[in-house]
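Here the structure is laid out as structure tokens; the discussion comes afterwards.
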Amino acid sequence: AETMRFTPATILFSAAAIPQGSSAFVTTMSSTAGGNDAALKATVEAKDSLFVDATATSGTHESVSEYYGQTLSTSDDLKTNACCTGSSMPRHIKSAISKIHPTVIAKYYGCGLCVPDLLDGTTVLDLGCGAGRDVYIASQLVGPNGKVIGVDMTPEQLDVAKETQPYHADKFGFANTEFHLGKIEELDQIESLEDNSVDVIVSNCVINLCPDKEAVLKSCYRLLKPGGELYFSDVYSNRRVPESLRKDKVLWGECLSGALYWNDFQNLAKRCGFADPRLVEDAPITIENDDVQATIDKAGQGNLDFYSATYRLFKLDDLEPHCEDYGQAVIYKGTIPRHPSGWSLDDHHYIEAGKVFPVCGNTWNMLAQTRFSEHFDFIGNFDTHYGIFDGCGTSIPYQSATTGVSSKGGSAGGGGGCC
365 AETMRFTPAT ILFSAAAIPQ GSSAFVTTMS STAGGNDAAL KATVEAKDSL FVDATATSGT
425 HESVSEYYGQ TLSTSDDLKT NACCTGSSMP RHIKSAISKI HPTVIAKYYG CGLCVPDLLD
485 GTTVLDLGCG AGRDVYIASQ LVGPNGKVIG VDMTPEQLDV AKETQPYHAD KFGFANTEFH
545 LGKIEELDQI ESLEDNSVDV IVSNCVINLC PDKEAVLKSC YRLLKPGGEL YFSDVYSNRR
605 VPESLRKDKV LWGECLSGAL YWNDFQNLAK RCGFADPRLV EDAPITIEND DVQATIDKAG
665 QGNLDFYSAT YRLFKLDDLE PHCEDYGQAV IYKGTIPRHP SGWSLDDHHY IEAGKVFPVC
725 GNTWNMLAQT RFSEHFDFIG NFDTHYGIFD GCGTSIPYQS ATTGVSSKGG SAGGGGGCC
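When we follow the working numbering, the leftmost residue of the sequence shown carries the number 365, and every step to the right adds one.
Dropping the structure here:
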């Protein structure tokens, strides 16, 4: 594909053209270098407004906390399926959930399954852990030599998580969990969370509830060890959610108003250091409440679609912006527990055991420089570059956007696929 190149003076951002509270980038063209200072200021303001919700006030956190701590009693009170897991659960996860206290299960409001493979002995951080369901799943998977840390800003939810710690320690045969009250935009205020100390960060339908999503992703990058990953499910939209809907408390609490436009998320992740976000699976979100749908329709947004999607973002210095071909390949040994025949890195990379599987440089590094390395043989190096992989696209990545059904890793890719 042809690449357009611009000098720094070519693209200027016009602050005056950005509506108040808008999260959109607006560009104007200039053939001169004049006004660079003003343009730089406008650029910063535009970038800031993209990932920090201008409509959010100091009351946003309070209203979200009230919604999940007081308005909702159980997951049955939700008005959409945005906060409900759509994909089927593997047997080992079902077994883990069967050991979790019923009250914790009843107060689960997640939108996906945030349990990556190979957690034994790792340190896991759960952002927006709520009553602790995913913490207690991960607790069993990391085992007695691992640790799971939960952070949530809702006291009522966190009280349930803490009160059931003795119950779960008795059930599991070990105690390896800790919980902290706090906002996930302010992880630096939790003293026990040190830089480069976490192997895996998980989050389940929570980041969309945060006004400052950039602060969350930057903190994640800071806390992860090199080669660690942020593995999370959240809600995304096919276009930017307008200000009128972002002000609606119910839509915000239902994980819709705070949803990031999928391409804004891709840019945000890269801006925070995660150079190559990988989509694991996605599913369309249905609105099961007439009042909620009427609110969206009244705003003239009947074509505004939402998706639940799980991503994995690796902290690796060597990742490139696109999928570049160096003639490399890997062979999966079939040794990742519960995946003897093949294993999915993401929705475009299902790797069969024993088969030579061509990969781009980024995929190579995601396997070679992470906890997955011992499970693969690696062929080739970075000596020769053969160009970009065909199909490294920029269209909406969610397969469910065209099929209307849930996707699972490795089955078929969406429009934003690569290699």
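The C-beta atom is built at its ideal place from N, Cα and C for all residues, glycine as well.
Residues near residue i by beta carbon distance below 8 angstroms, same chain, minus five either side
i: G768; result: P648
i: I501; result: I457, A460, I461, I464 and V479
i: E684; result: A639, D640, G725 and N726
i: V468; result: A495, G496, R497, Y500, V524, A525 and T528
i: M453; result: I461 and L477
i: C687; result: D640, C724, G725, N726, T727, I752, F753, C756, C782 and C783
DSSP-derived helix/strand/coil call for residue i
i: D534; result: helix
i: P519; result: helix
i: F638; result: coil
i: I660; result: helix
i: D628; result: helix
i: R586; result: helix
i: L489; result: strand
i: P761; result: coil
i: A693; result: strand
i: N568; result: strand
i: Y500; result: helix
i: V599; result: strand
i: K790; result: One cannot answer for residue 790 here, as it falls past the ends of the chain, which runs 365 to 783.
i: I651; result: strand
i: K471; result: coil
i: I464; result: coil
i: R676; result: strand
i: G768; result: coil
i: T748; result: coil
i: V457; result: Note that residue 457 is Ile in the sequence shown here, rather than Val. Residue state, collapsed to three classes: helix.
i: V506; result: helix
Exposure of residue i, with buried meaning 16 or more beta-carbon neighbours within 10 Å
i: G496; result: buried
i: K679; result: buried
i: T748; result: exposed
i: S705; result: exposed
i: N540; result: buried
i: P701; result: exposed
i: K577; result: buried
i: R735; result: buried
i: S556; result: exposed
i: N509; result: exposed
i: S737; result: exposed
i: Y431; result: For Y431, the pLDDT reaches just 45, beneath the cut-off of 50, and the residue's location in the model is therefore unreliable, although a value from the coordinates is still provided. Flag for Y431 reads buried.
i: G474; result: buried
i: P575; result: buried
i: K662; result: exposed
Rounded distance between the beta-carbons of residue j and residue i, thought under 8 angstroms
i: S583; j: D552; result: 7 angstroms
i: Q504; j: F536; result: 6 angstroms
i: Y585; j: R603; result: Incorrect: roughly 27 angstroms between the Cβ atoms, too far for contact.
i: I571; j: L587; result: Contact flag wrong, Cβ pair sits at about 14 angstroms.
i: G546; j: M517; result: 6 angstroms
i: V488; j: D534; result: With 8 angstroms as the limit, V488 and D534 do not qualify as a contact, their Cβ atoms being about 21 angstroms apart.
i: D803; j: C569; result: The chain is shown only over 365 to 783; residue 803 falls outside these bounds and no answer can be derived.
i: V614; j: L668; result: In fact, because the Cβ distance is near 16 angstroms, the residues do not count as touching under 8 angstroms.
Candidates the options: closest to residue i by CA position
i: Y696; options: G718, D711, L709 and Q665; result: G718
i: V815; options: F742, I700 and T734; result: One cannot answer for residue 815 here, as it falls past the ends of the chain, which runs 365 to 783.
i: E607; options: Y585, C636, I660 and D655; result: I660
i: E716; options: H739, M730 and Q733; result: H739
i: G637; options: E520, G751, L483 and D682; result: D682
i: L573; options: T486, E618 and D710; result: E618
i: V644; options: N560, D523, S452 and Y762; result: Y762
i: S601; options: D754, D484, I513 and A673; result: A673
i: V515; options: D534, V580 and V656; result: V580
i: G787; options: V720, C756, V562 and E549; result: The shown model of the chain, from 365 to 783, leaves out residue 787, and the question about it has no answer.
i: G664; options: L609, E578, E520 and Q529; result: L609
i: E593; options: D481, C687 and P530; result: D481
i: F349; options: L477, V605, D689 and D711; result: The structure shown does not extend to residue 349, since the chain is modelled only from 365 through 783, so no value can be given for it.
i: S770; options: W707, L620 and F670; result: F670
i: I554; options: C569, S452 and I513; result: I513
i: G698; options: H712, R635, V720 and C687; result: V720
i: Y595; options: P530, V614, Q657 and L483; result: L483
i: F538; options: P519, V614 and V506; result: V506
i: L310; options: Q657, H532 and R635; result: In the structure as shown, the chain starts at 365 and stops at 783, and residue 310 therefore has no counterpart that could be examined.
Same chain only: Cβ atoms within 7 angstroms of residue i, ignoring 5 sequence neighbours per side
i: P641; result: Q630, A633, Y675 and L677
i: D471; result: One point to set straight first is that residue 471 is Lys, not Asp, in the sequence displayed. Same-chain partners within the cutoff: T438, G494, A495, Q521 and V524.
i: A732; result: F742
i: Y750; result: D689, Y690 and G691
Contacts around residue i, its chain only, beta-carbon distance under 6 angstroms, and the 5 residues preceding and following it disregarded
i: W616; result: G622
i: N560; result: K589
i: Q692; result: V723, W728 and G744
i: D646; result: Y671, A673, Y762, S764 and S771
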